[in-house]
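Chains as they are written, first to last, in my numbering: chain D, 1 to 390; chain B, 1 to 390.
Glycine included, every Cβ here is placed at the ideal spot set by N, Cα and C.
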């Protein structure tokens, strides 16, 4: 897993080089960890340069011992022009940078160091390129999903009466780590803080959060207002488990819901609608579908069942039912009613039609699917029923 | 803990307003979670505006239910001019923004929305303001340090022969969470990924990392090349534990080292030099000292003991011995030989003179100190000796 296969590296390089040419740029400079990892298979502190042709050039601050013959030591961006000149490159006049990741100060310093080229963002294009996965990447997602399912299967044995959501979450986190979770998982943008995933018990599922997640939760600290809030798991309520599938660099995303003792019938009904939406979408769509069509079908089924007031929250409802997933948890496409995006073969996305029932809690499931020419492949193979914890 | 005391809120607001005046600006717009939290006591998705006089103005995208009468709903930055006008404000012509946190794209969009004011960074000034803590903040750090020490005391009971560094780390993480750790901890900049802290066993302490930490470690995934690497804890080696002190929003930082069975004499000797450096610095310095003086004293003691080749790493040596700590793990000042910074009363800093001994591992301690007029207060009160794990 440590070494990026040569054909993967070559095909990703080629995609970015085509972008450089299409965007009429002279070079592209990558500084974000996720995109460095995608192109190199490792992370470094420094500047990854790409040109319309030829191999990657790595200007590396740290680590000092990088095992790559293309690595050139550097201390600061001001050295880039000299180092390029030594290598026979002229200074780029139009440069693609990650304007959604680079801070204003870092971007300004880089532009000044390069003697004021025109700078154009490649962030969105890279996200789009990364959203279509290779078989190598998809296989990592399948592996991650298999481990994810193993961990979720243990959950009933971790539960004991009178526990809080947080106490159970801590035991699940431990199992995740023992099963190889790397702990952190990566997201795009500044608005996705979270720790190892989210557990929502009872009415905490109604609490809105500042973050871009499907549902919220109050959290236990004002510094991290999301997820479990220390609620005791009370009989008659539900517990939604949406912990991270970060067992490989390419992640899966999966939610399952548990009933604490006996849950009211409406919980079972709404939960089944979530399963039905998953099944209907799997049956009706494949590569070529518009993301908006998936949303609209889900919305229609929600309305048929009279569940609109509970769909994707109550006090703050999210107008989406899913999102791409990969190296980051929030990749394109986003499944919204107005999306113009199309499901392309190789896209992997999480589908999470969820309901929040006041006085009961959140119900529903989330699966990760891979888009193929002839259909959708579900990779999160794990019992979907509302499982009773006793 | 959820409610920011009024006098805290007022004094922080006043500091930023003085800065706005001194920097001859018309307004300041805060978007980062850490600085929002510092000024409001909570986090939201949106824009926190400050003017040279008057109260905060909160333009809030999410959450929808924010319990603050100053909150005004907003969907996008383009609404700011209209919302300001409604409130009798004229459009600012010179605006302070967090240019070390805002991405280039976000900053450009904000500048355009505000009809192209001059934009000046307040990031560094805010870090400097935050580096001097109030008694309220310092008390949180003391509380965090007390819990941190409780968790470290449990470590010997979590160890069993043949464990890997990662297995032990997972049990420590669980204890941290059970003791109230919020999981994530915040850092400044893009170069500080880590999960709950770092454990370095044996020669893994020599592995350089891409990150801005005192020491490195290979990690277990190329996506997170830092810390524990799955090494079996072998007799005759050491284990350095530098797990997070994130039990309160204002954190402490503490490292302790363990010997697996019997460690060689050089490990005890170098470990004692680290303790001696801590003690010498505590005895010799107080408010008014230059940070460089602390470094130079440490360096002198290292040389006297002939330990230069092992100081702060081997293959990649960090030229610093400590850093400010607070809401973020890497606050100013930084204790380097060329620092111009001065220890002011209310600054809290971590001091971590560490050694990496080839074939053995890392040794040394890290304590957090509060700077007072009459001396340094150690808040990480926890046995400092090289503790044997059996």
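Enumerate, from N- to C-terminal direction, the unbroken beta strand (DSSP E) stretches of 3 or more residues contained entirely within the region 328 to 362 of chain B. For the region 328 to 362 of chain B, whole beta strand (DSSP E) runs of length 3 or above, ordered along the chain, are 331 to 334, 348 to 351 and 354 to 357.
Within 10 Å of its beta-carbon, does residue 3 of chain D have 16 or more other beta-carbons around it, so buried, or fewer, so exposed? Of the other Cβ atoms in all chains shown, fewer than 16 fall within 10 Å of the Cβ of residue 3 of chain D; this residue is therefore exposed.
Subject >> Local conformation of residue 393 of chain B per DSSP, three classes >> reply: Look at the range of chain B in this structure, 1 to 390, and you will see that residue 393 of chain B is not part of it.
Suppose you measure from the CA of residue 1 of chain B to the CA of residue 122 of chain B; what does that come to, to the nearest Å? Confidence in residue 1 of chain B is poor, its pLDDT being 39 and thus under 50, which makes the residue's placement unreliable; the coordinate value appears in the next sentence. Cα-Cα distance, rounded: 27 angstroms.
key: Per-residue contacts from residue 196 of chain B into chain D (C-beta, under 7 angstroms)   = Within 7 angstroms Cβ-Cβ: 183.
task: Select from B:55, B:76 and B:40 the residue whose C-alpha is nearest the C-alpha of residue 66 of chain B.
output: Measuring from the Cα of residue 66 of chain B, the nearest candidate turns out to be B:40.
Backbone secondary structure at residue 148 of chain D - three-state DSSP: Here residue 148 of chain D sits in helix by DSSP.
> What span of residues does the beta strand (DSSP E) with residue 118 of chain B cover, start to end?
Replying inline: Taken as a continuous stretch (DSSP letters only), the beta strand (DSSP E) holding residue 118 of chain B covers 118 to 121.
Query raised in the report: What are the start and end residues of the alpha helix (DSSP H) that includes residue 271 of chain D?
Result: Note, residue 271 of chain D: alpha helix (DSSP H), 265 to 284.
Distance check for residue 287 of chain B and residue 257 of chain D, CA to CA, integer angstroms please.
Near 55 angstroms, if we compare the C-alpha coordinates of residue 287 of chain B and residue 257 of chain D.
Legend entry - Collapsed DSSP secondary structure at residue 207 of chain B in the structure displayed: If DSSP states are grouped into helix, strand and coil, residue 207 of chain B belongs with coil.
So within the region 297 to 330 of chain B, which uninterrupted beta strand (DSSP E) runs reach at least 3 residues, ignoring any that extend past its ends?
You should have 322 to 324.
Per DSSP, cross-strand counterpart(s) of residue 50 of chain B: BP columns for residue 50 of chain B point to B:28.
Worksheet item: What does residue 105 of chain B reach in chain D if we use C-beta pairs closer than 8 angstroms?
Response: Chain-ordered, the chain D residues with CB closer than 8 angstroms to the CB of residue 105 of chain B read 99, 100, 121 and 123.
- Is the distance from the Cβ of residue 58 of chain D to the Cβ of residue 70 of chain D below 8 angstroms? Yes; because the gap between Cβ atoms is below 8 angstroms, this pair is in contact.
Can you pull out the residues from the region 210 to 233 of chain B whose beta carbon lies closer than 9 angstroms to at least one beta carbon of chain D? Under the 9 angstroms Cβ criterion, the region 210 to 233 of chain B contributes 210, 211, 212, 216, 219, 220, 221, 222, 223, 224 and 225.
ask   = Which chain B residues sit within Cβ distance under 7 angstroms of residue 178 of chain D?
value = Contact annotation for residue 178 of chain D against chain B: 170 [CB-CB distance below 7 angstroms, chain order].
>> Check whether chain D comes within 8 angstroms of residue 411 of chain B, counting only Cβ atoms and requiring the distance to be less than that.
In response: With chain B running from 1 to 390 in the structure shown, residue 411 of chain B is simply not present.
query = Exposed or buried, which one is residue 390 of chain B when buried takes at least 16 other CB atoms within 10 Å?
reply = Per the 10 Å Cβ criterion, exposed.
Cut-off 8 angstroms between Cβ atoms - residues of its own chain near residue 134 of chain D, not counting five sequence neighbours on either side
Cβ neighbours of residue 134 of chain D beyond the five flanking positions: 8, 11 and 346.
Legend entry - Stretch pair the region 374 to 383 of chain B + the region 134 to 147 of chain B: three plus CB contacts closer than 8 angstroms: Counting Cβ pairs under 8 angstroms, three or more are found: they touch.
Could you tell me the boundaries of the alpha helix (DSSP H) in which residue 11 of chain B lies?
For residue 11 of chain B, the enclosing alpha helix (DSSP H) begins and ends at 6 to 22.
Three-state secondary structure assigned by DSSP to residue 165 of chain B
Residue 165 of chain B: helix per DSSP, three-state reduction.
Beta-carbon of residue 329 of chain B versus every beta-carbon of chain D: anything under 8 angstroms? Judged by the 8 angstroms Cβ criterion, residue 329 of chain B is not in contact with chain D.
For the region 68 to 90 of chain D, list every residue whose C-beta sits within 7 angstroms of some C-beta in chain B, in sequence order.
Cβ proximity to chain B below 7 angstroms picks out nothing from the region 68 to 90 of chain D.
_I want to know whether the region 260 to 277 of chain D touches the region 230 to 249 of chain D - three or more CB-CB distances under 8 angstroms._
In this structure the region 260 to 277 of chain D lies against the region 230 to 249 of chain D, because at least three pairs of beta carbons, one per stretch, are closer than 8 angstroms.
> On the three-pair Cβ rule with 8 angstroms, is the region 71 to 90 of chain D touching the region 215 to 225 of chain B?
Replying inline: No, because fewer than three Cβ pairs between the region 71 to 90 of chain D and the region 215 to 225 of chain B fall closer than 8 angstroms, the two stretches do not touch.
Self-check item: Inside the region 182 to 268 of chain B only - beta strand (DSSP E) runs reaching at least 3 residues
Solution: Counting whole runs of 3 or more residues, the region 182 to 268 of chain B contains the beta strand (DSSP E) stretches 197 to 201, 238 to 245 and 256 to 260.
With DSSP collapsed to three states, give me the class of residue 71 of chain D. For residue 71 of chain D, the secondary structure class from DSSP, reduced to helix, strand or coil, is strand.
Three-state secondary structure (DSSP) of residue 97 of chain D: Correct three-state label for residue 97 of chain D: strand.
Item to complete: From the DSSP output, in three-state form, read off residue 380 of chain D for me.
Response: In this structure, residue 380 of chain D counts as coil in the three-state DSSP scheme.
Can the beta-carbon of residue 307 of chain B be found less than 8 angstroms from the beta-carbon of residue 228 of chain B? For residue 307 of chain B and residue 228 of chain B, no; Cβs fall outside 8 angstroms.
Handout entry: Proximity to residue 24 of chain B [Cα-Cα], best of B:14, B:47, B:95 and B:89
Key = For the residues B:14, B:47, B:95 and B:89, the minimum Cα distance to residue 24 of chain B belongs to B:95.
Helix, strand or coil: which one does DSSP assign to residue 136 of chain D? Looking at residue 136 of chain D - three-state DSSP - the assignment turns out to be helix.
Notebook entry, point to check: By Cβ distance below 7 angstroms, which residues in the same chain neighbour residue 108 of chain B in space, the five residues on each side in sequence not counted?
Noted result: Taken in chain order, the list of residues that qualify is empty.
What are the boundary residues of the beta strand (DSSP E) that includes residue 58 of chain D? Start and end: 57 to 62.
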